[in-house]
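Enquirer: Protein sequences appear in the order of chains U and L.
Heads up, the first sequence is in numbering that gives the first Met the number 0, so the first residue is 0 and it goes up one at a time.
Heads up, the second sequence is in numbering that gives the first Met the number 0, so the first residue is 0 and it goes up one at a time.
Built from N, CA and C at the ideal position, the CB exists for glycine as well.
In this text the structure is predicted, and so the values were computed from the model without any measurement.
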Amino acid sequence: MERDDIIEYSLDAHHSEEAGKAIRKKILNVTILLTLITALEVIVGAKWGRASTSGVTWQMIKYGYIVLTLIKAAYIVLVFMHLGDERKSMKYVILVPYILFILFLIFIALMEALAVGHAWATYGS
Amino acid sequence: MAGHATQQIDSSSLWGGKVSPFSTSYGKLMMWFFLVSDALTFGGLLIAYGYTRHDAQDAWPIGEETFNSMPFLGHGFPLLYVALMTFILIVSSVTMVLAVEAGHRMDKRGVVKWMIATIIGGFFFVGSQAWEWYHFIHGSEFGKVELADGSQAIVKGHFGEIENFKVTFAGKHHKKGDVITEDLMHQYQHAVVAGDIENGVITLHDGSKATINKKADAHFEMIIKKDGSKNKVGDKLKGDRACKQYYEVINSGVSNKVIYGANLKQNEYGPQQYAQFFFFITGFHGFHVFSGVMINIIICLGAVAGTYHKRGHYEMVEKTGLYWHFVDLVWVFVFTFFYLV
């Protein structure tokens, strides 16, 4: 039975040949970017990884890795998963609660872990 | 992308009922909600891994030391194989987004073509992960060794091939003078763990004793992973003296001084929890990839049959695409926290 009270949002996603060309170009650019970031990460890991660096240098490389990972994640979510093309309210409903919860969990778990590790090192076995 | 999501609609009519305030279909929204919950699961697992790592007392394994093998090529390729796996997964994510794009143009042939490419990429990734596990479980040829001063070290270098065992004392199955050439590595490692090697003489399962003919190792290097009374974490012992120390342990006849590979009870790479988390998180992710491949196959068959073409839109491809990209997204984080950092 055909229902006329439901809007078929799925049809809105359709686009023309020309629009498709532009989208494919964007996909290609993102692919190249993701590949380059991965290659960079691996080269740095093999040459200046935790085995061969330490101290401040390693700390900077470590946080560099995390930043690169977040960049990759952002491109995958916003371009490949098309979240960037959705309504702003939907973007926030998906991302904000998740990010807040995960940041809190990272903070509380790692703080606790450091304290526990310290306790073991001081009073342990 | 055109359509409702980019249209200016004032918020009172958007939130006043009768329309979706997000201008998204029910199915797609539910897929997003599922992905958020799944992302929380993976987030929880990775944070648990971080917790264990931060409170660990022993040196945590280093990615480029632990994962440095390539199929058919042996050792000495730090992170290269996992980089290849990552690249395969990224490419299969790209072919998936191309399938979605083809769907938006109602290009059935394009959808099927790119879906098949995605499925092939998915199978490649699952196969690579199986190889990675196999290698992780079997471990290196040298294993992790506990030295005389109580310190523990992993060993890098080229393991000289074992050529044969020459029987010097007859047992149940072998006569004196027999030359054994089969299953050498397995018997050798088993004997090392059991403490059945003394001064170059191995005692085999059947009670026979044999001398080991083995080529010399090359580029021998030990890296200390646990403090002993002499060696400290991070020390690197190289050359003949290190080699001599290693073989003193091998030839000591004492059991459980060397660990090969990883399982749920012990592992050669570092703290025990490392192997547990590796198996659980990469296993859970691999299961997601496997499920994703299966779902992709079903949707691909639907596209071939023309189900979605008749429906007038390829939103099913878009929804499986969301799941598939999510699997790629999780891998980006697993890759960073297990292999790089």
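Is the shortest distance between the beta-carbon of U:I22 and the beta-carbons of chain L less than 8 angstroms?
Expert: As a working mapping, residue 22 of chain U is identified with position 23 in the first sequence. Chain L, which has a Cβ nearer than 8 angstroms to the Cβ of U:I22, makes this yes.
Enquirer: Going straight from the alpha carbon of L:I179 to that of L:L78, what length do you get?
Expert: Translated into the one-based positions of the second sequence, residue 179 of chain L becomes position 180. Translated into the one-based positions of the second sequence, residue 78 of chain L becomes position 79. Each residue's alpha carbon lies about 36 angstroms from the other.
Enquirer: I'd like to know whether the C-beta of U:E17 is nearer than 8 angstroms to at least one C-beta of chain L.
Expert: On the first sequence, position 18 is the one that residue 17 of chain U refers to. Not an interface residue.
Enquirer: Measuring only the C-alpha atoms, how far is U:F100 from L:L44?
Expert: Translated into positions along the first sequence, residue 100 of chain U becomes position 101. Translated into positions along the second sequence, residue 44 of chain L becomes position 45. Going by the C-alpha atoms only, they are around 14 angstroms apart.
Enquirer: Return the chain-ordered list of same chain residues with a C-beta closer than 8 angstroms to the C-beta of L:K208, the five sequence neighbours on each side being excluded.
Expert: Indexing the second sequence from 1 puts residue 208 of chain L at position 209. Answer for L:K208: V166, T167, F168, G170, V200, I201 and T202, listed in chain order.
Enquirer: Helix, strand or coil: how does DSSP classify L:A209 here?
Expert: Walking along the second sequence from the start, residue 209 of chain L turns up at place 210. It is a strand residue.
Enquirer: State the beta-bridge partners of L:I222 as determined by DSSP.
Expert: In the second sequence, the residue the question calls residue 222 of chain L occupies position 223. Residue pairing from DSSP places L:I222 in a beta bridge opposite L:I153 and L:K235.
Enquirer: Which of the three DSSP states is assigned to L:K143 in this structure?
Expert: Position 144 of the second sequence, counted from the first residue, corresponds to residue 143 of chain L. Of the three classes helix, strand and coil, the one that applies to L:K143 here is strand, per DSSP.
Enquirer: Over what stretch of residues does the alpha helix (DSSP H) that includes U:T41 continue unbroken?
Expert: Residue 41 of chain U sits at position 42 when you count from the first residue of the first sequence. The residue asked about is misnamed: residue 41 of chain U is Val in this sequence, not Thr. It spans E16 to W47 - the alpha helix (DSSP H) in which U:V41 sits, taken as one unbroken run.
Enquirer: For the candidate residues L:A58, L:F337 and L:W330, whose alpha-carbon lies nearest to that of U:A132?
Expert: Lying before the first or after the last residue shown, residue 132 of chain U is absent from chain U, which here runs from 0 to 124.
Enquirer: With H, G and I counted as helix, E and B as strand and the rest as coil, what does DSSP make of L:V178?
Expert: Taking the second sequence and counting its residues from 1, the one referred to as residue 178 of chain L is at position 179. Strand at L:V178.
Enquirer: Residues in its own chain within less than 7 angstroms of U:K46 by CB, not counting five upstream and five downstream?
Expert: Position 47 of the first sequence holds residue 46 of chain U. Excluding residues within five positions, none has a Cβ falling inside 7 angstroms.
Enquirer: Taking any Cβ of chain L, which residues in the region 73-90 of chain U have a Cβ under 9 angstroms from it, in chain order?
Expert: I75, V76, V78, F79, M80, H81, L82, D84, E85, R86, S88 and M89
Enquirer: Quick one: measure Cβ to Cβ for L:E317 and L:G159, integer angstroms, because I've assumed they're closer than 8 angstroms.
Expert: For the purposes of this step, residue 317 of chain L is identified with residue 318 of the second sequence, where counting begins at 1. For the purposes of this step, residue 159 of chain L is identified with residue 160 of the second sequence, where counting begins at 1. The pair is not a contact, with the Cβ atoms about 56 angstroms apart (cut-off 8 angstroms).
Enquirer: Following the continuous alpha helix (DSSP H) through L:I119, name the residue where it begins and the one where it ends.
Expert: What you label residue 119 of chain L is simply residue 120 of the second sequence in a count that begins at 1. Looking at the DSSP string, the run of the alpha helix (DSSP H) that includes L:I119 is K107 to H137.
Enquirer: Can the beta-carbon of U:Y74 be found less than 8 angstroms from the beta-carbon of U:L33?
Expert: Residue mapping note: residue 74 of chain U aligns to position 75 of the first sequence, counting from 1. Residue mapping note: residue 33 of chain U aligns to position 34 of the first sequence, counting from 1. Yes, these two residues count as a Cβ contact at 8 angstroms.
Enquirer: Does DSSP classify L:E197 as helix, strand or coil?
Expert: Reading the second sequence from its first residue, position 198 is the one you call residue 197 of chain L. Three-state result, L:E197: strand.
Enquirer: Which residue marks the beginning of the alpha helix (DSSP H) containing L:E63, and which one marks its end?
Expert: The sequence position of residue 63 of chain L within the second sequence is 64, counting from 1. Per DSSP, L:E63 belongs to the alpha helix (DSSP H) from G62 to T65.
Enquirer: Output the boundary residues of the beta strand (DSSP E) element that contains L:N163.
Expert: Here residue 163 of chain L refers to the residue found at position 164 when the second sequence is read from its first residue. For L:N163, the enclosing beta strand (DSSP E) begins and ends at I161 to F168.
Enquirer: Note the first and the last residue of the continuous alpha helix (DSSP H) segment covering L:H402.
Expert: Any property of residue 402 of chain L remains undetermined from this structure, which presents chain L solely from 0 to 340.
Enquirer: Over the uninterrupted alpha helix (DSSP H) stretch that includes U:P96, give me the two end residues.
Expert: Here residue 96 of chain U refers to the residue found at position 97 when the first sequence is read from its first residue. According to the DSSP assignment, U:P96 belongs to the alpha helix (DSSP H) that extends over K87 to Y122.
Enquirer: Do you know offhand how far L:L39's Cα is from L:V96's?
Expert: Along the second sequence, one-based indexing puts residue 39 of chain L at 40. Along the second sequence, one-based indexing puts residue 96 of chain L at 97. Distance between the alpha carbons of L:L39 and L:V96: 24 angstroms.
Enquirer: Does the beta-carbon of L:V257 have 16 or more other beta-carbons within 10 angstroms, so that it is buried, or is it exposed?
Expert: Numbered from 1 along the second sequence, position 258 holds the residue referred to as residue 257 of chain L. Looking at its Cβ environment, which holds 16 or more other Cβ atoms inside 10 Å, L:V257 is buried.
Enquirer: What runs of the alpha helix (DSSP H), each 4 residues or longer, lie entirely inside the region 24-72 of chain L?
Expert: 25-54 and 62-65
Enquirer: Report the three-state DSSP secondary structure of L:I296 (helix, strand or coil).
Expert: Taking the first residue of the second sequence as position 1, residue 296 of chain L is located at position 297. DSSP places L:I296 in helix when its eight states are reduced to three.
Enquirer: Taking C-alpha atoms, which residue in L:G206, L:V192, L:S139 and L:G194 lies nearest to L:H172?
Expert: One-based indexing of the second sequence puts residue 172 of chain L at position 173. Of the candidates L:G206, L:V192, L:S139 and L:G194, the one whose C-alpha sits nearest the C-alpha of L:H172 is L:G206.
Enquirer: By the three-class DSSP mapping on this structure, what secondary structure does L:I280 have?
Expert: If you number the second sequence from 1, residue 280 of chain L lands on position 281. The answer is helix: DSSP assigns L:I280 an H, G or I state.
Enquirer: Between U:F103 and chain L, is any beta-carbon pair separated by less than 8 angstroms?
Expert: Taking the first residue of the first sequence as position 1, residue 103 of chain U is located at position 104. Not one chain L Cβ lies under 8 angstroms of U:F103.
Enquirer: Determine, using beta-carbon pairs with one atom in the region 17-29 of chain L and one in the region 78-89 of chain U, whether at least three such pairs fall under 8 angstroms.
Expert: yes
Enquirer: Using a C-beta cutoff of 8 angstroms, does U:V41 count as contacting chain L?
Expert: Counted from its first residue, the first sequence places residue 41 of chain U at position 42. Answer yes: the Cβ-Cβ gap between U:V41 and chain L drops below 8 angstroms somewhere.
Enquirer: Where does L:V340 land, buried or exposed, given buried means 16+ other C-beta within 10 angstroms?
Expert: The residue you call residue 340 of chain L lines up with position 341 of the second sequence. Classification of L:V340: buried, given that the 10 Å Cβ count is 16 or more.
Enquirer: With 16 other CB atoms within 10 Å as the buried threshold, where does U:G48 fall?
Expert: Reading the first sequence from its first residue, position 49 is the one you call residue 48 of chain U. So U:G48 counts as buried.
Enquirer: Per the contact definition of three or more C-beta pairs closer than 8 angstroms, is the region 266-281 of chain L in contact with the region 58-65 of chain L?
Expert: yes
Enquirer: Please determine, among L:I161, L:G42 and L:F32, the residue with the shortest C-alpha to C-alpha distance to L:L183.
Expert: Locating residue 183 of chain L in the second sequence gives position 184, counting from the first residue. Nearest of L:I161, L:G42 and L:F32 to L:L183, Cα basis: L:I161.
Enquirer: Under 8 angstroms, with one C-beta from each stretch per pair, do the region 292-310 of chain L and the region 114-133 of chain L reach the 3-pair mark?
Expert: yes
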